[in-house]
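Take any residue in the sequence shown, note its place counting from 1, add 648, and you have its number in this note's numbering.
Right, one structure below, let's go through it.
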Amino acid sequence: MSIRLATGGRLIDRSRKIGFSFNGKRMSAHPGDTLAAALMANGQMIMGRSFKYHRPRGVVASGAEEPNALVNLGMGARHEPNQRATLTEVFDGLQATSQNHWPSLNWDIGEVNALIPRLLPAGFYYKTFIHPRPFWKHVFEPFIRQSAGLGRAPDPKHSDPDRYEQFYAHVDLVVAGGGIAGLQAALEAGRAGLRVILCEQSAHWGGRAPVDGVEIDGQPAEAWVAAAVQTLGQMPNVDLRLRTMAAGVYDHGYVIAYERLADHAPGSDAPRHRLWRIRTGRVIAATGALERPLSFAGNDKPGVMLAAAMRDYVVNWGVAPGQRTVVVTNNDDAYRTALALVAAGLEVACIVDARAEADGPLVQEARARGLRVLTGMGIANVKGLRGVVAVQLCAQDGKGEVIEDVVCDAVAMSGGWSPVVHLWSHCGGKLIWERDGAFFRPDHDRPPTDQNGQGFVICAGAADGALLAADTIANATTSVGKVLVEHGKAAGSAPMAGSAAEAPMQPVWVMPAAAEVKKRAKMWLDFQNDVKVSDVQLAAREGYESVEHTKRYTTLGMATDQGKLSNINGLAVLAQALDEDIPRVGTTTFRPPYTPISMGAIGGEARGAIFQPLRRTPIQDWHDANGAHWEPVGYWRRPYCFPKKGESHRDAVNREILATRNGLGLLDASTLGKIIVKGPDAGRFLDMLYTNMMSSLAPGKCRYGLMCSENGFLMDDGVVARLSDDTFLVHTTTGGADRIHAHMEDWLQCEWWDWQVYTANVTEQWAQIAVVGPKARAVLEKLGADFDLSNDALPFMGWAEGRIGGFDARAFRISFSGELSFEVAVPAAQGRAFWDALLTAGAEFGATPYGTEALHVMRAEKGFIMIGDETDGTVIPQDLGLDWAISKKKSDYLGKRAQERAHMRDPNRWKLVGLETLDGSVLPDGCYALAEGLNANGQRNTQGRVTSTYFSPTLGRGIAMGLVLHGPDRMGEVIAFNTTKKDAKGEMRTIKARIVSPVFFDPAGEKQNV
649 MSIRLATGGR LIDRSRKIGF SFNGKRMSAH PGDTLAAALM ANGQMIMGRS
699 FKYHRPRGVV ASGAEEPNAL VNLGMGARHE PNQRATLTEV FDGLQATSQN
749 HWPSLNWDIG EVNALIPRLL PAGFYYKTFI HPRPFWKHVF EPFIRQSAGL
799 GRAPDPKHSD PDRYEQFYAH VDLVVAGGGI AGLQAALEAG RAGLRVILCE
849 QSAHWGGRAP VDGVEIDGQP AEAWVAAAVQ TLGQMPNVDL RLRTMAAGVY
899 DHGYVIAYER LADHAPGSDA PRHRLWRIRT GRVIAATGAL ERPLSFAGND
949 KPGVMLAAAM RDYVVNWGVA PGQRTVVVTN NDDAYRTALA LVAAGLEVAC
999 IVDARAEADG PLVQEARARG LRVLTGMGIA NVKGLRGVVA VQLCAQDGKG
1049 EVIEDVVCDA VAMSGGWSPV VHLWSHCGGK LIWERDGAFF RPDHDRPPTD
1099 QNGQGFVICA GAADGALLAA DTIANATTSV GKVLVEHGKA AGSAPMAGSA
1149 AEAPMQPVWV MPAAAEVKKR AKMWLDFQND VKVSDVQLAA REGYESVEHT
1199 KRYTTLGMAT DQGKLSNING LAVLAQALDE DIPRVGTTTF RPPYTPISMG
1249 AIGGEARGAI FQPLRRTPIQ DWHDANGAHW EPVGYWRRPY CFPKKGESHR
1299 DAVNREILAT RNGLGLLDAS TLGKIIVKGP DAGRFLDMLY TNMMSSLAPG
1349 KCRYGLMCSE NGFLMDDGVV ARLSDDTFLV HTTTGGADRI HAHMEDWLQC
1399 EWWDWQVYTA NVTEQWAQIA VVGPKARAVL EKLGADFDLS NDALPFMGWA
1449 EGRIGGFDAR AFRISFSGEL SFEVAVPAAQ GRAFWDALLT AGAEFGATPY
1499 GTEALHVMRA EKGFIMIGDE TDGTVIPQDL GLDWAISKKK SDYLGKRAQE
1549 RAHMRDPNRW KLVGLETLDG SVLPDGCYAL AEGLNANGQR NTQGRVTSTY
1599 FSPTLGRGIA MGLVLHGPDR MGEVIAFNTT KKDAKGEMRT IKARIVSPVF
1649 FDPAGEKQNV
């Protein structure tokens, strides 16, 4: 039984007690305890149940690698599932409950699964949930959904009361890991003047060194660590971050770190979690190494844990997982645990060492203390139902014949150490197998590379395979020296670290080595997902030779710990089953984050009113004050219309259209996307993005362009203006600015990274007002311009800049209405004043602000397409009759090859036409053109659909645009469209419409070209 020791516990405050509850039972702890330590101090060894067999599980580790002790934390709005008890700091009032059982933790009906393991082998779900077919919907799927997951999801009726934030930082160096290697690297970099962030995921600095009795420069490691932290804290260029995990490393020196600010202090004013978005020149991964378990029968029972973890609980928290322990190992490090247990007054029944010989300094010290050391031995079985009562010993090189029973209540196991290489691997760093230590370590010749092709992640200390303290700190000094050289600096000499030497370890993947099937079926590799040695061997026999396939077939390493404890052992077992070397089998993929991060941290402040912040134009307040009816357009709200008192929205739209067509209309077009594209290769770049030529555009001119996806489908359109020889201004749709800018950067960064092009989204830097109608030029001339606005000087699709009415302005002769139009851009700060000046000057011309609906009707009258109306992700320019906007001179553009596929050139693709109802009514939006007959599903065949439909006050009738089969070849033909209404006989009513040109108004363009 686990107990709290009378003395010891370097991380706890024994002078105070705090209360918490587990499954409703009140317990006590000391400040500084983790939940796992506190539970064991209260005699609670079982903390959860495994996923498949619901076997009782206790703590096996002491850190982020813990697979078993996952609990629900908090109640109500603060409930959070799957929290590791080993990382959870106890606070007064903490409430925790166990997971994955019913009706209780001690008596779980799911444990019956353990009685039928032959029916639940690896991959059983691939073989079971297939036949009979009707069972899937009514039996299998409900069962799977009920069984899935470990914790209980938060109640959706509650909203998270905590707040979260995100920080951005730019530094020279990120050091991940606050052990002695990370501290040494940060000290050297800090002294050299580099900007450094040092992250440590736990609440304490120093890593394992203080626990393992390491001495540095003649003083205990704890004292050296304290001095190092104090020195670093006084450096203004170094940022120290406890409880902060370097979660992932990405391209271009991008690092995500996850800081837990208030998990240990709920109710404080601080944000609960913080997500760091860091750009760094280099990363030093001083992330240490993880101890591996040994695979023997019963190694999953509560009371069996990693030797180093047991040492941690005794030294750090003054907790003994058992009072009589058997230590089983294949290396010298586990002897430190035996010595620590003895020093704490606990009994070590024996040390079982799988090696034929063991005679290192630690082994000699153990023997000198009178400890029984059994070499060449292994554990055949662990006895006990819900805990450990004894172990049965056997010869390691045998089949498991029992030689001796040893009474004990805890087992400390150590199968060697594996460097934590996740951060090294996230961006493609390769690994090499170290035979002497039986682990994968970073291959220095194949590092993860940055945008310049240079290695930018460096592993230090144990993460680089330097496991002994002296080697760890020397390796860290060498590693940081590689960074300092790039800054013209050099590292100092490494501190002298001392710890007991260790004899070579012996790889042990199965204990005993020749164990028979029954024993292998009780040797656990993945404790959470119940994956056994026999499961991996079964996968190999069934042909799953790829480690990635084996992983998915058996679920090895797919639990919440992502294989931190199980992967190497599983790889080795697979290699043995395939009769291959471990390096040839390879590893699974390391993906970020290293450990889970909260959704709150990912969302940050983006919640509630600012979940989707509304963008505002400089003229927004005027619109509000003048009764604008709003509609959402992307992240903006744009005026739909400006209804006057007693006026319907339709009447308001009609009034705005007629006022614009006959006099002067004003539109706030500030929301349209504006992207600067600049550089020697800017024209070449735009030629690839657009279907037509942009590089030939002369400065002072504009050109309409179409942008397609790689699949050839139309994704955006807009006008491009050439500002100078190497600078273009790209206009996009309102909802497309951010998406198109990201599209540009994606191609520049991933495909055309060597092109000299710079892009900047300047949408919100400019207010843009469309001055539209026959009186457009007159109002601008009345305001006064210092450049010529005449048609000869500034023709259609030209632009000029200067001052209009005392405002810095850039005027574009472009039109989306078919009228004489100037789109005038002024700096955002001058936008409202310019709008007011236009209204004042335009009063005599009947200046009328109009909204998006009037805009849409006028563009439809002219037959102009609208992205999102005429397009739906399956439409290509050729469908819309826009072949004229596709260059015949270019050899390539994005989407060109896709548009040459047979389906894209199918003559039966629906084509854009205009539609006029015979009775002048308005066709329903989205209705279908009906064809004869029924399809295979018994539905009416169709031959087209309506894409845009409006009432045109200019023409006094309904107009529509649509995609129709062979539409351009069927001008004048009448076809029927469906409605949702029925006649007296219950039959669907239809509306007849004539196929006409999509240009309903001023087809010659006489009104805009004046």
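Glycine included, each C-beta is placed from N, C-alpha and C at the ideal position.
Give the secondary structure of residue i by DSSP, where H, G and I count as helix, E and B as strand, and everything else as coil.
i, result
"F1648", "coil"
"P1240", "coil"
"D980", "coil"
"P858", "coil"
"T1203", "coil"
"A652", "Going by the sequence as given, residue 652 is Arg instead of Ala. Strand, per DSSP."
"V1419", "strand"
"V823", "strand"
"Q731", "strand"
"L989", "helix"
"R1480", "helix"
"D1209", "coil"
"L1431", "helix"
In whole angstroms, what is the alpha-carbon distance linking residue i and residue j?
i, j, result
"L768", "A1223", "24 angstroms"
"V996", "M1061", "13 angstroms"
"G830", "L888", "11 angstroms"
"D820", "G1063", "37 angstroms"
"I1121", "A1145", "7 angstroms"
"W1081", "N1217", "14 angstroms"
"P715", "W784", "31 angstroms"
"R1618", "A1652", "22 angstroms"
"D1527", "D1329", "31 angstroms"
"P858", "L1262", "52 angstroms"
"W853", "Y1283", "44 angstroms"
"T1500", "W1414", "19 angstroms"
"R811", "L742", "19 angstroms"
"Q1044", "V974", "16 angstroms"
"G1076", "P1095", "7 angstroms"
"T892", "E848", "5 angstroms"
Do the CB positions of residue i and residue j come within less than 9 angstroms of each other?
i, j, result
"A834", "V886", "yes"
"L1603", "P1422", "no"
"G896", "L735", "no"
"T1202", "L1186", "yes"
"I1027", "Q1012", "no"
"R972", "A1058", "yes"
"I1323", "M1247", "no"
"F699", "N1340", "no"
"H800", "Q747", "The amino acid at residue 800 is misidentified as His; the sequence shows Arg. Yes, the Cβ-Cβ distance between R800 and Q747 is below 9 angstroms."
Whose CA, out of the options, lies closest to the CA of residue i?
i, options, result
"D1573", "G1604, N1583, D1484 and E1518", "E1518"
"A1385", "D1650, S1318 and I845", "S1318"
"K949", "S1596, N690 and L1033", "L1033"
"D1227", "W1065, E1193, A1300 and T1237", "E1193"
"V1069", "G1113, D1316 and G1085", "G1113"
"V738", "Q692, A684 and G771", "A684"
"S1141", "A1151, S1127 and S1600", "S1127"
"F1435", "D1456, Q1416 and M675", "D1456"
"R1083", "S1066, P1096 and P802", "S1066"
"R652", "M675, S669 and N671", "M675"
"Q692", "V707, P679 and Y701", "V707"
"A717", "I999, G951 and G1521", "G951"
"R697", "I666, I757, R972 and K673", "I757"
(request) Taking only runs that begin and end inside the region 737–791, name each unbroken beta strand (DSSP E) of 3 or more residues, in chain order. (result) 742–745
(message) Which runs of the alpha helix (DSSP H) at least 4 residues long sit entirely within the region 1103–1189? Give them in chain order.
(response) 1117–1134, 1165–1168 and 1181–1189
(message) Give the list of continuous beta strand (DSSP E) stretches no shorter than 3 residues that lie fully inside the region 865–920.
(response) 886–889, 892–898 and 902–908
(request) Could you name each continuous beta strand (DSSP E) segment of 3 residues or more that falls completely within the region 1538–1600, going from the start of the chain to the end? (result) 1558–1565, 1576–1582 and 1588–1600
(message) In chain order, what are the residue ranges of uninterrupted alpha helix (DSSP H) at least 4 long that sit wholly in the region 1282–1355?
(response) 1297–1310 and 1330–1337
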